[in-house]
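Protein sequences appear in the order of chains D and L. For my numbering, add 184 to where a residue sits in the first sequence, where the first one is 1. For my numbering, add 184 to where a residue sits in the second sequence, where the first one is 1.
Number of protein chains: 2
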Amino acid sequence: MKVLDKNTEKKILDAAKTVFIKKGFDGARMQEIADEAIINKALLHYYFRNKDKLFDAIFSDAFVKFIPKIGETMLSQKHFFDKIKLLVESYIDMLTRNPHIPIFILHEINRNPQRIIQILSKGGANPEMIFKVINTEIKKGTIIPVKPQHLIVNIIALCIFPYAGRPVIQGFIFKNNNKTYQKFLKERKTEVSNFIINAIKKK
Amino acid sequence: MKVLDKNTEKKILDAAKTVFIKKGFDGARMQEIADEAIINKALLHYYFRNKDKLFDAIFSDAFVKFIPKIGETMLSQKHFFDKIKLLVESYIDMLTRNPHIPIFILHEINRNPQRIIQILSKGGANPEMIFKVINTEIKKGTIIPVKPQHLIVNIIALCIFPYAGRPVIQGFIFKNNNKTYQKFLKERKTEVSNFIINAIKKK
DNA sequence: GTCTATATTGTGATAGAC
DNA sequence: GTCTATCACAATATAGAC
Chain D
185 MKVLDKNTEK KILDAAKTVF IKKGFDGARM QEIADEAIIN KALLHYYFRN KDKLFDAIFS
245 DAFVKFIPKI GETMLSQKHF FDKIKLLVES YIDMLTRNPH IPIFILHEIN RNPQRIIQIL
305 SKGGANPEMI FKVINTEIKK GTIIPVKPQH LIVNIIALCI FPYAGRPVIQ GFIFKNNNKT
365 YQKFLKERKT EVSNFIINAI KKK
Chain L
185 MKVLDKNTEK KILDAAKTVF IKKGFDGARM QEIADEAIIN KALLHYYFRN KDKLFDAIFS
245 DAFVKFIPKI GETMLSQKHF FDKIKLLVES YIDMLTRNPH IPIFILHEIN RNPQRIIQIL
305 SKGGANPEMI FKVINTEIKK GTIIPVKPQH LIVNIIALCI FPYAGRPVIQ GFIFKNNNKT
365 YQKFLKERKT EVSNFIINAI KKK
């Protein structure tokens with residue numbers, strides 16, 4: 185083996201990530217993954233017994249990225265609006281690096297919601313503390329009364345949708361002009377932050 | 185044929201809709217569609233020559249629902265904030281009736297973005313007029329300066345995401361409690377309308 | 001560990017009787 | 001129009017040589 189080569193397992197994982205995220209579990213072909221990794225099918229099965237096991241390796245990794253680290257940011261000691269800005273920025277940064285993750289995760293979870301149950305049972309995020317933070321800000325008078333659940337969903341929705349709905353947005357709103365769509369994406373961080381803060385700040 | 189029976193074509197279309205929307209094109213099986221329609225595979229191919237043609241019939245129908253009739257509402261003579269409310273309400277009503285459409289459409293378009301091109305070429309919606317309406321409201325001073333493209337995307341995002349991301353939201357935020365998730369959905373119309381209007385109205 | 005060849009099953013599609 | 005039987009090929013998975 186050449187020294188500069190990635191080891192085979194890594195090559196397989198990279199190839200599988202590309203193909204699974206593009207085609208989904210049902211649309212992906214073991215042959216295509218093998219081709220992408222420049223090996224043959226048999227070797228895939230040598231490293232990962234079957235398609236399911238290979239998929240699981242990809243899915244878990246993608247899922248972690250999909251869930252924003254909302255807790256860390258929200259529990260810090262900054263001003264609430266700065267927390268919002270930071271959360272939006274770091275999440276959009278991740279999405280820019282992994283633009284196809286949202287639709288992949290959403291589709292695969294829809295196909296098999298059981299996965300969520302498994303992940304939750306391993307002890308996932310606890311939103312209660314975040315609800316508390318938001319309710320405290322309401323009492324302090326920083327923001328108007330809003331239901332914490334809705335605020336959180338709104339934040340995630342505004343960050344994710346431009347990526348999950350890319351072809352539709354690019355097609356209908358930007359007439360398939362990729363340049364203006366990319367410009368739109370770059371503006372998103374500040375647009376989303378401002379939109380959220382305007383929506384909840386006390387006048 | 186019994187008088188009360190739906191005709192076969194309708195039965196097939198209903199069955200195909202159920203299966204395709206749940207599993208996607210790649211995950212759907214002609215056998216499963218036949219079972220759902222309580223007929224056999226051969227009859228499927230008699231009515232629709234192949235899987236692609238059957239899928240296209242389902243997809244076009246779903247896609248029309250997926251794109252909100254944003255034009256009609258926005259060009260009416262109501263107050264701008266009433267237009268927003270109306271748009272949000274009618275779109276969320278549609279999503280409540282067809283909760284699985286968003287993830288289906290988003291995934292299938294991602295799998296084959298070419299579909300968008302085809303639909304656009306048949307002359308789709310024209311967002312220019314909506315941009316104008318929004319810019320007029322900015323000049324009138326009803327709302328603060330916002331980029332129309334972002335406002336439109338924000339509106340759609342806030343409506344769609346609770347449906348596209350249902351398993352994740354229900355799992356993480358509502359601990360898989362279906363009752364509280366349903367309550368959350370019922371609150372959405374007013375929450376989303378208020379959120380948007382707060383975000384853009386001039387103080 | 002990596003390959004070629006092959007087994008095995010799944011799946012879309014058709015032929016032909018009724 | 002509807003059915004049973006079957007074809008043809010695609011796709012996952014394994015056997016076994018090197």
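We put the CB at the ideal spot given by N, CA and C, even for glycine.
Apart from the five residues just before and just after residue i, which ones in its own chain have a Cβ nearer than 6 angstroms to its Cβ?
{"i": "Phe358 (chain L)", "result": "Thr364 and Tyr365"}
{"i": "Phe315 (chain D)", "result": "Pro332"}
{"i": "Phe264 (chain D)", "result": "Glu321 and Thr326"}
{"i": "Asn224 (chain L)", "result": "Ala218"}
{"i": "Lys195 (chain D)", "result": "Ala221"}
{"i": "Glu273 (chain D)", "result": "Lys373"}
Mind listing the chain L neighbours of residue i? Cutoff is C-beta to C-beta under 7 angstroms, in chain order.
{"i": "Val272 (chain D)", "result": "Going along chain L, no residue has its Cβ under 7 angstroms from Val272 (chain D), so there is no contact; the nearest lies around 13 angstroms."}
{"i": "Lys387 (chain D)", "result": "Lys387"}
How many Å lie between residue i and residue j at the Cα?
{"i": "Glu375 (chain L)", "j": "Pro329 (chain D)", "result": "11 angstroms"}
{"i": "Asn362 (chain D)", "j": "Ala212 (chain D)", "result": "27 angstroms"}
{"i": "Ala309 (chain L)", "j": "Gly255 (chain L)", "result": "8 angstroms"}
{"i": "Thr326 (chain L)", "j": "Arg350 (chain L)", "result": "34 angstroms"}
{"i": "Asn282 (chain L)", "j": "Phe345 (chain D)", "result": "19 angstroms"}
{"i": "Lys387 (chain L)", "j": "Ile205 (chain L)", "result": "44 angstroms"}
{"i": "Glu321 (chain L)", "j": "Phe209 (chain L)", "result": "43 angstroms"}
{"i": "Lys262 (chain L)", "j": "Ile353 (chain D)", "result": "26 angstroms"}
{"i": "Ile380 (chain D)", "j": "Ala341 (chain L)", "result": "13 angstroms"}
{"i": "Met278 (chain L)", "j": "Cys343 (chain L)", "result": "10 angstroms"}
{"i": "Met258 (chain D)", "j": "Ile318 (chain D)", "result": "9 angstroms"}
{"i": "Leu304 (chain D)", "j": "Lys306 (chain L)", "result": "45 angstroms"}
{"i": "Asn294 (chain L)", "j": "Leu369 (chain L)", "result": "26 angstroms"}
{"i": "Phe388 (chain L)", "j": "Ser244 (chain L)", "result": "The shown model of chain L, from 185 to 387, leaves out residue 388 (chain L), and the question about it has no answer."}
{"i": "His334 (chain D)", "j": "Lys373 (chain L)", "result": "11 angstroms"}
{"i": "Lys207 (chain D)", "j": "Lys385 (chain D)", "result": "42 angstroms"}
{"i": "Lys323 (chain D)", "j": "Leu271 (chain D)", "result": "22 angstroms"}
{"i": "Asn360 (chain D)", "j": "His291 (chain L)", "result": "18 angstroms"}
{"i": "Leu228 (chain D)", "j": "Pro252 (chain D)", "result": "32 angstroms"}
I want to verify the contact list: residues of chain L whose CB lies under 9 angstroms from the CB of residue i, in sequence order.
{"i": "Lys207 (chain D)", "result": "Asp210 and Arg295"}
{"i": "Phe345 (chain D)", "result": "Val337, Asn338, Ile340, Ala341, Leu342, Ile344, Phe345 and Ala348"}
What do you get for residue i, buried or exposed, if any count of 16 or more other CB atoms within 10 angstroms of its CB means buried?
{"i": "Val248 (chain D)", "result": "exposed"}
{"i": "Asn298 (chain L)", "result": "Sequence check: residue 298 (chain L) is Gln here, not Asn. Exposed, by the Cβ-count rule."}
{"i": "Ile287 (chain L)", "result": "buried"}
{"i": "Glu371 (chain L)", "result": "exposed"}
{"i": "Gln302 (chain D)", "result": "exposed"}
{"i": "Tyr388 (chain L)", "result": "Here chain L comprises residues numbered 185 to 387, so residue 388 (chain L) is not present and cannot be evaluated."}
{"i": "Gly355 (chain D)", "result": "buried"}
{"i": "Thr280 (chain L)", "result": "exposed"}
{"i": "Ala383 (chain D)", "result": "buried"}
{"i": "Glu312 (chain L)", "result": "exposed"}
{"i": "Tyr230 (chain L)", "result": "exposed"}
{"i": "Glu193 (chain D)", "result": "exposed"}
{"i": "Asn338 (chain D)", "result": "buried"}
{"i": "Asn191 (chain D)", "result": "exposed"}
{"i": "Thr267 (chain L)", "result": "The question names Thr, yet the displayed sequence has Lys at residue 267 (chain L). Answer is buried; the Cβ neighbour count reaches 16."}
{"i": "Ala348 (chain L)", "result": "buried"}
Which residues in the same chain as residue i place their Cβ atom closer than 7 angstroms to its Cβ, once the five residues preceding and following it in sequence are excluded?
{"i": "Val203 (chain L)", "result": "Ala212, Glu216, Ile217 and Glu220"}
{"i": "Lys269 (chain D)", "result": "Ser377"}
{"i": "Phe239 (chain D)", "result": "Phe204 and Phe209"}
{"i": "Lys235 (chain D)", "result": "Met214"}
If you drop the 5 nearest sequence neighbours on each side, which residues of the same chain put their C-beta closer than 8 angstroms to that of residue i?
{"i": "Ala241 (chain L)", "result": "Leu197, Ala200 and Phe232"}
{"i": "Ala246 (chain D)", "result": "Lys201, Ile205, Asn282, Ile285, Phe288 and Ile289"}
{"i": "Lys186 (chain D)", "result": "Because the pLDDT at Lys186 (chain D) is just 48, under 50, the model does not fix this residue reliably, and the value given afterwards should be weighed accordingly. Here the set comprises nothing."}
{"i": "Ile300 (chain D)", "result": "Ile293"}
Under 8 angstroms between beta-carbons, which chain L residues line up against residue i? List them in chain order, please.
{"i": "Asn234 (chain D)", "result": "Neighbours of Asn234 (chain D) on chain L: none; closest Cβ ~17 angstroms, over 8 angstroms."}
{"i": "Gln333 (chain D)", "result": "Ile357, Phe358 and Phe368"}
{"i": "Leu342 (chain D)", "result": "Asn338, Ala341 and Leu342"}
{"i": "Ala155 (chain D)", "result": "In the structure as shown, chain D begins at 185 and stops at 387. Residue 155 (chain D) is therefore absent and cannot be evaluated."}
For a contact defined as C-beta to C-beta under 7 angstroms, what are the partners of residue i on chain D?
{"i": "Pro311 (chain L)", "result": "Phe356 and Ile357"}
{"i": "Ile353 (chain L)", "result": "Val337"}
{"i": "Met252 (chain L)", "result": "Here residue 252 (chain L) is Pro; the residue named in the question, Met, does not match the sequence. By Cβ distance, chain D contributes nothing, its closest Cβ being about 11 angstroms from Pro252 (chain L), past 7 angstroms."}
{"i": "Ile287 (chain L)", "result": "Leu290, His291 and Asn294"}
{"i": "Ile300 (chain L)", "result": "Pro351, Val352 and Gly355"}
Below 9 angstroms on C-beta distance, what does residue i contact in chain D?
{"i": "Val203 (chain L)", "result": "Chain D residues near Val203 (chain L): none, gap ~12 angstroms exceeds 9 angstroms."}
{"i": "Leu304 (chain L)", "result": "Gly355, Phe356, Lys359 and Asn360"}
{"i": "Ala383 (chain L)", "result": "Asn378, Phe379, Ile380, Ile381, Asn382, Ala383 and Ile384"}
ask   = Which residues, in order along the region 355-381 of chain D, keep a beta-carbon less than 9 angstroms from a beta-carbon of chain L?
value = Gly355, Phe356, Ile357, Phe358, Lys359, Asn360, Thr364, Phe368, Glu371, Arg372, Glu375, Val376, Asn378, Phe379, Ile380 and Ile381
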